[in-house]
Every structure is written in C-alpha cells, then in structure tokens.
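Have a look at the structure below, then the notes.
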Amino acid sequence: MLDPFKAVRSGSALAYVIITGSIAGSAVFPVLPSETMIFTAGAAAGAGALQVPLVMVAGAFGSLLGDVLGYAIGRLLGERALERFARGERGRRSVGWAQRTLVRRGGPLVAVGRFIPGGQTAVSLTAGSLGFPLARYAVFASIGAVVWGVYGTLVGALGAGALQSGQWVGLAIAVALVLAVAGAAQVVRRRQRRHDDDEAGDDP
17 MLDPFKAVRS GSALAYVIIT GSIAGSAVFP VLPSETMIFT AGAAAGAGAL QVPLVMVAGA
77 FGSLLGDVLG YAIGRLLGER ALERFARGER GRRSVGWAQR TLVRRGGPLV AVGRFIPGGQ
137 TAVSLTAGSL GFPLARYAVF ASIGAVVWGV YGTLVGALGA GALQSGQWVG LAIAVALVLA
197 VAGAAQVVRR RQRRHDDDEA GDDP
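Just remember that the numbering used here sits 16 ahead of the position in the sequence shown, which is counted from 1.
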C-alpha cells in the first residue's frame, strides 16, 4: 500500500498529485492531515527532493479544489451536509460560527477559513448551503489557497533547510510563522465569539 507521506518525502513522480489530492480531500474529510502534508512537502522541497514552486502550486491547487468540492456538496445537499458535519459539539460550533460570519463578512471568511482548525470544511459547506455567490466564493477561495500554499511550503522548506545546515535562524522563522498564523486564527475566533455573545445579550 502506498504511503503518501513517504512518497512525498522521497520525491516520487506522483508526489505532486498526492499533495494535491490529499489536500483537496481534507476539505471534505477533515481527518486527512492537510497541514501535515503541506509541511512534509515543503520539507521535501527544502531537502531538494521536490521543487519549491511546484509544491506551492500543488498545495494551492489542492486547497482550491477542496474549497470548490465542499461548496458543491453544500449546494447539492443543503442542510443535510451541515447536519452530517455538525454531529459533534465542535462541528456544531464551527458551522454556527461559519453561518454567522458568512452573513456579516462573506468573502474574507472564505479566504481565511483554511487557516482556522475545522474552518475550511465548515465554511465551504456553509457557503454552498447558503447559496453564497459562486464567482465571489471562487475569488476569495483562490486568494486563501495561494496564501496557504505558499505559507505551508515555506514553513516546511525553512524548517528542513535549517535542520540540515544547522542554521537555527531558519527554523526559528518557520516556528514563528506557524505560531503567528495559529495565534491570528485564535484571535479571529475569539473576537467573533465575543461579538456574538454581545449581540445575544442585547436581544430582548
């Protein structure tokens, strides 16, 4: 059985297809580790097994495909898609957050959804079920996909290069990038929750 991570690390001829496919699939099946894949691919590029620009393209294309696939499923199944995703407490919170924020902020949420744990699936399914305009969705999804693909590849490449050369500055930069993005995502979620709580308190 093919080990996708091993194939990517070794620079297999199928590596770029595997990167794109696994990242696209993670939008519908959140258990697939898209972040792990893009970091692994970036590390392989940093070690010389893959090409950095091609990893960026594969990651971005996979992310965009996943966004469009999630949107299509949400558009086709409507509330049924959300019900299946929102079975657990975390899923219900993610869907509720996506519904509220899409109505208020729309496009920007589509762009940043990939950076928030569980956000991409919740946002893509919700956007489709709400009938969010496809053209506008595609524009913001493309922006988010490109930024995410570049970010993930650079983090992996910088980390791998630093470990190989012993230049810890590169590793520190990679770690700082991850922490900065994770911190920003948490700030966005917390601000939105406080805003929702304030509005709920104002209701009669």
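Each residue gets a CB set at the ideal place from its N, CA and C atoms; glycine is no exception.
All figures in this text were calculated on a predicted structure; none of them were measured in a lab.
Under 6 Å Cβ to Cβ from valine 155, same chain only, skipping five residues before and after it: list those, please.
none
Can you round the beta-carbon distance between threonine 169 and glycine 37 to whole angstroms, since I take them to be within the 8 Å contact cut?
The Cβ separation is near 17 Å, so there is no contact.
So, helix, strand or coil for glycine 122, using DSSP?
coil
Which of helix, strand or coil DSSP assigns to serine 50
helix
What does the Cβ neighbour count give for phenylalanine 148, buried or exposed, with the cut at 16 atoms within 10 Å?
buried
On a Cα-Cα basis, can you pick out the residue from Val71, Ile159, Ala60, Phe45 that is closest to leucine 125?
Ile159
Assuming the contact rule is C-beta atoms closer than 8 Å, leucine 98 and serine 42 should be a hit. Round their C-beta distance to whole Å, please.
At roughly 18 Å, the Cβ-Cβ gap does not stay under 8 Å, so leucine 98 and serine 42 are not in contact.
Three-state secondary structure (DSSP) at valine 44?
coil
Looking only at its chain, what residues have a beta carbon closer than 6 Å to the beta carbon of valine 33, apart from the 5 residues adjacent to it on each side?
none
By how many angstroms is the C-alpha of leucine 80 removed from the C-alpha of proline 20?
20 Å
Taking DSSP as the reference, what is the three-state secondary structure of valine 24?
helix
Span of the alpha helix (DSSP H) around glycine 90:
68-93
Taking the alpha-carbon positions, what's the alanine 40 to alanine 60 distance?
19 Å
Local Cβ density within 10 Å of phenylalanine 45, reported as buried at 16 or more and exposed below that:
exposed
Is the beta carbon of alanine 29 less than 8 Å from the beta carbon of aspartate 83?
no
Excluding five sequence neighbours on each side, which residues of the same chain lie with their C-beta closer than 6 Å to the C-beta of isoleucine 54?
Gly75, Gly168
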